[in-house]
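Using the working numbering, you'd call the opening residue of the sequence shown number 986 and step up by one each time. Note that CB positions come from ideal geometry on N, CA and C, so glycine has one too. All values derive from a computational prediction rather than experimental measurement. In what follows, a structure is listed as structure tokens, so that the remarks can point back to it.
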Amino acid sequence: MNLESFLKKFGVWLLFSFIFLLIGIVRWDVTPYIAILLAGMWGLILFMRLDLYAGKSAVIVEKITSLDGTVTATIEEWKDKTGKRYDGKVKRNYQDGVFAKEEEFVDLEEAKLWLASTYQQELEKHLQRIRQSERQNPKH
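Shown next as structure tokens:
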């Protein structure tokens, strides 16, 4: 966990605790120290239940890029409460549009097989487009 992520989480917990402290000072018939302790505890419980940061970050497991950078393929690993999942994405980026294929997997090996075959298909389509363009606009 980096410092920025920690500070965000700490800030959210502090906000929840402050809200509970305001409620607690008015409603609970306890000393301020006990109110602070209870507010911190309830703020932490609420923060843990909300699970604000689950599944928000991905790790790139594999990335392939064609020599000219037009065709890219990536596998991203996402973690959440249910476990890991892998998102495979293959893109061909052109000035007139983006052609993309995406697939979600539970098994990394299955994702890698899909990525390899789909990348080859998209790379072949890209090479066909280059050949077609060269035929239409021959260089002298």
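- DSSP places Thr1055 outside both helix and strand once states are collapsed to three, so it counts as coil.
- With a 10 Å radius around the Cβ and a threshold of 16 neighbouring Cβ atoms, Phe1003 comes out exposed.
- As for any beta strand (DSSP E) of minimum length 3 sitting wholly inside the region 1044 to 1125, the runs are 1056 to 1065, 1068 to 1079, 1082 to 1090, ordered along the chain.
- In chain order, Ile1049, Val1056, Ala1058, Val1075 place their CB closer than 8 Å to the CB of Tyr1104, counting only its own chain and leaving out the 5 sequence neighbours on each side.
- With respect to Glu1062, Val1091 sits apart: the two C-beta atoms are not nearer than 8 Å.
- Residue burial annotation: Glu989 is exposed, with fewer than 16 other C-beta atoms found within 10 angstroms of its C-beta.
- DSSP, reduced to helix, strand and coil, places Trp1013 outside both helices and strands of the structure shown, so it counts as coil.
- Residue environment: Tyr1071 is assigned as buried (16 or more neighbouring CB atoms within 10 Å of its CB, all protein chains considered).
- If you draw a straight line from the Cα of Asp1014 to the Cα of Leu1006, it is about 12 Å long.
- Leu1000 and Val1046 do not touch by the CB rule: their CB atoms are close to 35 Å apart, not below 8 Å.
- Between Glu1109 and Arg1077, the CB-CB gap reaches or exceeds 8 Å.
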